[in-house]
Amino acid sequence: MSRTNFIERTLNRFARAMAKALVSERTAAKPGLLQALDPRVRLIGLLVLVISVILCRRLEAIAALWLLAVVIAIASRVSMATLALRVWLLVFVFTGLIAFPAIFLTPGDAILSFANLSASAQGLRTAALLILRVETAATLTTILVLCTPWTHILKSLRNLGVPVEVIAILAMTHRYIFLLVDTASQMFEARQSRAIGRVNTSEQRNLTSRTAGVLLGKSIELSHEVYAAMVSRGFRGEVRLLTDFRMRFRDYCALAIFFCAAGFAVWMGR
Amino acid sequence: MHIPDGYLSPSTCATLYAAACASWYAALKRIKRSIGGRTIPLISVFAAFCFVVMMFNIPLPGGTTGHAVGVAVAAIVLGPWASVLALSITITIQALFFGDGGITTLGANCFNMAVVGSFVAYGVYRLIAARSDVSSQRRTIAAAIAGYVAINASALLASVEFGIQPLLFHDSTGTPLYAPYPLRVAIPAMMIGHLTFAGLAEAVLSAGMIAYLQHANVGLLRQSQSASASTSTSRLWWVIAVLMLLTPLGILAAGTAWGEWTARDLANSHASPVIEAASKSQLPPGSVPAGIERLSTIWTAPFPAYAPTFIKSAAVGYSLSAMFGVGLCAVLSLASAAVFRKRRESHA
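If you read the protein sequences in the order shown, they are chains A and B. First residue of the first sequence? That's 1 in our numbering, and the numbers climb one at a time after it. First residue of the second sequence? That's 1001 in our numbering, and the numbers climb one at a time after it.
Next comes the structure, spelled out in structure tokens:
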């Protein structure tokens, strides 16, 4: 293990977050099924489908919703490789790890026995339900994130009644995340480039805490500067957002289809 | 600790969304009143800071690394209410923009980490730090313990949420429909990792940052101390409200509390083995003791067993009983306070 490994790992995490954001921006700019719809329809439609996944109690109904999510993804030109790596594999490994022991720990009708362990039908079903439900919900959420620019999600949330102050905070936080990620990356890179000899664990911890402390100081200072800049531009405590979305016939149709699909799935999976 | 969609039932998600919404509303009102127009930039930048800090790899003893949430630092520097907002915003962006954590479970994640985490961290820090000097080592230790306890309290809450799923939500064949493990499996499975690595990472980051601020930016700590000096009873009312909402959890406990058996329980032949098992194989009396039978008829409670007869749902009955009990206590307290105040005034 390299002596500066923890710095590299932190830098890798920063890079991965940036890469994720870039993939979202590129996919949202492509022409596709979801991209052609009003962002509010996308948000409400996919959220309704996610809720229906949680409400369904039968594997077949959840599997049908997963299939629908894949069809929507293909029609919206979402890369299958991105979905497979970012969602399906990741969820399968992590949720599978959690769900697997349930096959043996859930009491019920034994279907297979070896050594002192016996797998139950109920255990197998609960594990399958959990994995499939998480896979489907995560697929739908990722499609929403990939096909909708962040600013559109925020405007749609405002239309759904989220207070304007919360929308303003979410928008500003999103912007400053990238600034602070960049600042933290530069601080870690600078420290790594100056590192000579072995840095012990205690010194590594001090280094991380100091970096976080400096970043905190910079953040608070930045918030004061941002506030001063806002006031100098006429901010008096009220936030106004420009919403220029307009619902068309196809948006109403798509919304109706989303609701029908979700309702049908819940009815089938009750 | 970010719970994805699919692990919690819709009713659990809705309950925790309601609890989180109440906290957000109270926090937003309180913060706007105290810092006014600065609210938006301060919370935004601090939420961005929490997001970045969650990505730091923190070296731990033994050569491993862990991740912290930064909940104790946020609660100490900003105060608990602003910390609730900043962390909730961070968790929302993680879910909506980066797909980390679920959308239906957003309320649960915010309630566990942002609301409970912030208040536990702040309470523990204030309790241990007491009136010590801002630059004292006691504060560093207080921050470490606050971070450790807060992250474990959040994890415990999450594990209870997981653990109650198979009890409450299963189909006719007994198949759990959501998180599959009962409390006796969910709690240890979740807590082992948090009592060791995650808790340690939080303690290390909290102590390290407070120690750094004591040397480099002590003004930030002084500012937060003076901002948090004012106290009011409204916090207590919020805690009581949350506890009232959680009272239906009492229904989950199987059987009757040991020694609280009624005459009907003692007469019931099905209850005898349960009483025997709970009493280290000591057999209960064959018939209802005469004293218990006689005294049990003296007073009949209006809400027997916290279940008013006119309410069909046990959960609603439990909550209603809690509201009635709290209301009655509040009225009695206010009445006695008024009587004492009058007496004092007449003596003066």
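Just so it is clear, CB atoms sit at the ideal spot from N, CA and C, and this is done for glycine as well.
Counting along the chain, no alpha helix (DSSP H) covers Leu117/A; the unbroken beta strand (DSSP E) around it starts and ends at Leu117 to Ser120. At least one C-beta of chain B is nearer than 9 angstroms to the C-beta of Gly123/A. Bounds of the alpha helix (DSSP H) holding Ile1128/B are Gly1117 to Ala1129. Taking a beta-carbon distance threshold of 9 angstroms, Pro1180/B counts as an interface residue toward chain A. Ranking Arg1138/B, Ala1335/B and Met1054/B by CA distance to the CA of Ala1201/B puts Met1054/B first. Those residues of the region 1038-1059 of chain B placed with their C-beta closer than 8 angstroms to a C-beta in chain A are Arg1038, Thr1039, Ile1040, Pro1041, Leu1042, Ile1043, Ser1044, Val1045, Phe1046, Ala1047, Ala1048, Phe1049, Phe1051, Val1052, Val1053, Met1055, Phe1056, Asn1057, Ile1058 and Pro1059, ordered along the chain. For Asn1217/B, the chain A residues whose C-beta falls within less than 7 angstroms of its own C-beta are Gly217, listed in chain order. From the beta-carbon of Gly1193/B, no residue of chain A is found nearer than 7 angstroms; the closest lies around 12 angstroms away.
In the three-state reduction of the DSSP assignment, Ile167/A falls in the helix class.
Within the region 131-186 of chain A, the complete alpha helix (DSSP H) segments at least 4 residues long are 150-159, listed from N- to C-terminus. Straight-line measurement puts the Cα of Ala137/A at about 5 angstroms from the Cα of Val50/A. DSSP places Leu112/A in the uninterrupted beta strand (DSSP E) bounded by Ala110 to Phe114. Within the same chain, Leu1266, Ser1272, Ile1275 and Glu1276 come within 7 angstroms of Pro1284/B by CB-CB distance, once the 5 residues on both sides are set aside. Contact fails between the region 8-15 of chain A and the region 225-236 of chain A, because fewer than three Cβ pairs, one in each stretch, are under 8 angstroms apart.
Against chain B, a Cβ distance below 7 angstroms from His174/A picks out Ile1093 and Phe1097. For Phe94/A against Asn1057/B, the beta-carbon gap comes to about 19 angstroms, at or over 8 angstroms, which does not count as contact.
In the structure shown, the three-state DSSP call for His1002/B is coil. Residue-level contact by beta carbon fails for Arg233/A and chain B, as no gap is shorter than 9 angstroms.
Closer than 8 angstroms at the C-beta level to chain B, one finds these residues of the region 10-31 of chain A: Thr10, Arg13, Phe14, Ala17, Lys20, Ala21 and Ser24. Of the candidates Val48/A, Arg26/A and Phe188/A, Val48/A places its Cα closest to the Cα of Phe258/A. In the structure shown, Pro1010/B adopts helical secondary structure according to DSSP, grouped into three states. When rounded, the separation of the alpha-carbon atoms in Arg9/A and Ala1158/B is 28 angstroms. In terms of beta-carbon proximity, Phe6/A lines the interface with chain B, with at least one pair separated by less than 9 angstroms.
Contacts with chain B at 9 angstroms (Cβ-Cβ) include Leu47/A.
Cβ neighbours of Met187/A within its own chain (closer than 6 angstroms, five residues either side excluded): Thr211. Going by C-alpha positions, Trp150/A is about 10 angstroms away from Ser156/A.
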